[in-house]
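Below: the structure, in structure tokens.
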Amino acid sequence: MDDYAPASSLGWLDFDAAASERVAELLRALEESSTLDLLGLGSIWTGFADMLNPGTSTVHTRLRYFLFVPWIVKRLEDERVPPPDFARKKREDEARLIDCLRPLGRNQGVIGYRAGSKLKRMPSDIYWGGLIAWGIRRDVRNPVGLAQHAAAGAAKRRVERDDDGNATTAAVSLWADLPPSPDDFLKADISFALTPREAEFLVERIQQSQPHSLLAALAATPEAADGVDYPWDIVEPVAAEEQSDKRPLAGVLHHARCFSEISQGPRLVYRLLAARQAGSGLGWDTEKIEADTQERLEQWSQMIADRGDVLRSWVDDSNSFKALMAGRGASSSALDFWGEMARLSVEDPSGFAEKAEIHQLIRARELRLKSRRARLTHQSALESSGIPPLGGQLDYRWSVTKRYLADLAAAKQGS
1 MDDYAPASSL GWLDFDAAAS ERVAELLRAL EESSTLDLLG LGSIWTGFAD
51 MLNPGTSTVH TRLRYFLFVP WIVKRLEDER VPPPDFARKK REDEARLIDC
101 LRPLGRNQGV IGYRAGSKLK RMPSDIYWGG LIAWGIRRDV RNPVGLAQHA
151 AAGAAKRRVE RDDDGNATTA AVSLWADLPP SPDDFLKADI SFALTPREAE
201 FLVERIQQSQ PHSLLAALAA TPEAADGVDY PWDIVEPVAA EEQSDKRPLA
251 GVLHHARCFS EISQGPRLVY RLLAARQAGS GLGWDTEKIE ADTQERLEQW
301 SQMIADRGDV LRSWVDDSNS FKALMAGRGA SSSALDFWGE MARLSVEDPS
351 GFAEKAEIHQ LIRARELRLK SRRARLTHQS ALESSGIPPL GGQLDYRWSV
401 TKRYLADLAA AKQGS
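Sequence positions in the sequence shown follow my numbering and run 1 to 415.
Here it is, written out as structure tokens:
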């Protein structure tokens with residue numbers, strides 16, 4: 001019972017921004033139709049997303065926020081703003097940033113475009129984990145905790161000394177060597193367009209902090225991502241990386257693709273079972289939902305059959321997949337459940353959706369994870385939660401990374 005959780009609780013200790021962001025990412029994964037964690041496999045999805053696109057998040061929008069936030073926070077630190085005023089002034093500056101970006105219009109990635117100063121989660125909360133992951137910020141304290149340290153001079157880490165008072169470490173700046181902010185920053189309209197110097201800084205940070213990631217492999221040639229639907233469709237940068245002495249990125253992409261392709265089947269079966277139960281037990285009209293889901297299952301089974309040799313070989317080599325997931329937060333029961341789903345998928349993709357064994361495994365898995373919130377076991381849970389939406393293949397935050405690479409490509413073309 002190593003991954004059982006009571007139905008009404010989810011708790012964690014918020015020691016640092018990275019831990020907070022990991023939990024927030026998990027919660028967002030529960031809401032994303034493409035990554036719906038119906039069967040407790042979200043930790044595997046997160047593991048691949050962090051390996052391929054570290055420092056990104058499903059709620060990130062534009063790359064220049066990786067500079068906006070440091071410019072705001074560092075200025076307050078340099079000014080030694082007193083702790084009682086720090087959080088308030090930071091929020092005021094972030095609200096001012098929203099106003100400066102709002103002329104860009106809707107659907108341009110402006111965080112807080114509609115809510116303005118009433119926004120609950122400001123950009124610093126959203127991007128803080130990424131700033132640490134990319135080495136832009138060298139302090140794990142979250143934005144709320146900054147107020148307690150600002151007056152003490154947070155622009156430098158304290159020098160550690162031995163018993164005789166001799167320095168044992170040099171002072172290290174809590175920020176990387178940031179490019180300067182515009183002279184009129186927070187005083188005039190601003191865009192998401194990166195200057196060449198800003199783009200160069202971000203590429204350097206990505207490549208130095210996350211050298212084995214897909215994001216780093218593409219940062220110098222961002223135009224390679226244009227028009228690519230899934231990260232494993234990238235060829236040239238991955239091939240170049242394979243010739244180096246880095247961890248084989250192509251191998252990670254292979255694992256990520258196989259997991260994405262196979263995992264779509266169990267999620268669709270879950271949806272089909274929920275629709276059937278809602279129709280028979282609650283009297284809902286689910287005919288169209290069932291038909292749409294079955295059509296998607298037929299398409300999925302054909303894809304699995306077409307990739308049969310590759311996927312069967314991948315399933316047979318389960319030890320390498322488990323080794324890759326080691327230390328990524330996936331429980332043993334999640335890996336065991338996944339192993340059974342993967343094996344049954346490649347053995348008989350066309351008959352997968354109607355196998356009683358599959359239905360039993362899925363029902364038992366959900367009940368173990370969700371207790372009274374399990375839709376397939378408790379009618380009241382199904383009635384309150386509804387039938388889950390259709391989910392496509394997992395792309396591991398590739399859509400976010402593509403937007404970032406497009407911003408880098410635009411800066412490269414304008415240089």
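Positions of the beta carbon are idealized from the N, C-alpha and C atoms, including for glycine. Computed from a predicted structure; not experimentally measured.
- Taking C-alpha positions only, residue 137 is separated from residue 267 by approximately 38 Å.
- At the C-beta level, residue 377 and residue 367 come within 8 Å of one another.
- Taking 8 Å as the cut-off, the beta carbon of residue 212 is found closer than this to the beta carbon of residue 249.
- Per DSSP, the continuous alpha helix (DSSP H) segment holding residue 339 begins and ends at 332-347.
- Taking the C-beta atoms as reference points, residue 219 is found no nearer than 8 Å to residue 208.
- Around the Cβ of residue 320, a 10 Å sphere holds fewer than 16 other Cβ atoms; the residue is exposed.
- Separation of residue 65 and residue 124 (C-alpha to C-alpha, rounded to the nearest whole angstrom) is 9 Å.
- Residue 223 and residue 102 have their alpha carbons spaced roughly 27 Å apart.
- With contacts defined by Cβ atoms closer than 8 Å, residue 408 and residue 186 do not form a contacting pair.
- Per the coordinates, the alpha-carbon of residue 79 lies some 37 Å from the alpha-carbon of residue 51.
- As summarised for the stretch 40-96, the continuous alpha helix (DSSP H) elements at least 4 residues long and confined to that stretch are 42-52, 65-78, given in chain order.
- As the crow flies, the alpha-carbon of residue 49 is around 6 Å from that of residue 397.
- Annotation: residue 376 is outside any alpha helix (DSSP H) and is labelled neither H nor E by DSSP.
- The residue from 203, 71, 100 with its alpha-carbon nearest to that of residue 175 is 71.
- By alpha-carbon distance to residue 322, the top candidate from 339, 120, 202 is 339.
- Counting the other CB atoms within 10 Å of its CB gives residue 370 a total of 16 or more, which places it among the buried residues.
- Within a 10 Å sphere around the beta-carbon of residue 97 sit 16 or more other beta-carbons, which makes this residue buried.
- Shortest Cα-Cα distance from residue 361 to any of 341, 253, 280, 130 involves 341.
- Rounded to the nearest angstrom, the Cβ distance from residue 39 to residue 230 is 22 Å, too far for a contact under 8 Å.
- Look at residue 301 here: in three-state DSSP terms it is helix.
- Residue range 318-325 is occupied by the alpha helix (DSSP H) that includes residue 319.
- Apart from sequence neighbours up to five positions away, the residues of its chain that approach residue 265 with a beta-carbon distance below 8 Å are 297, 300, 301, 304, 341, 345, 349, 352, 353, ordered along the chain.
- The Cβ-Cβ distance between residue 278 and residue 387 falls below 8 Å.
- Closest in C-alpha terms to residue 45, from the list 259, 401, 337, comes 259.
- Beyond the five residues adjoining it in sequence on each side, residue 393 comes within less than 8 Å, by CB distance, of 34, 230, 260, 261, 264 in the same chain, given in chain order.
- For the pair residue 382 and residue 375, the Cα-to-Cα distance works out to about 4 Å.
- Residue 205 places its beta carbon less than 8 Å from that of residue 135.
- Only residues of its own chain outside the window of five on either side were considered, and among them 98 have a CB closer than 6 Å to the CB of residue 116, listed in chain order.
- The beta-carbon separation of residue 131 and residue 69, rounded to 6 Å, stays under the 8 Å limit for a contact.
- If you look at residue 120, you'll find it isn't in any alpha helix (DSSP H); DSSP assigns it neither H nor E.
- Taking a C-beta distance under 8 Å as the contact criterion, residue 126 and residue 59 qualify as a contact pair.
- According to the DSSP assignment, residue 266 belongs to the alpha helix (DSSP H) that extends over 249-281.
- Separation of residue 188 and residue 182 (C-alpha to C-alpha, rounded to the nearest whole angstrom) is 10 Å.
- For residue 412, the enclosing alpha helix (DSSP H) starts and ends at 398-414.
- Counting C-beta atoms within 10 angstroms of its own C-beta, residue 324 has 16 or more neighbours from the protein chains shown and is therefore classed as buried.
- When the beta-carbon positions are compared, residue 215 and residue 54 come within less than 8 Å of each other.
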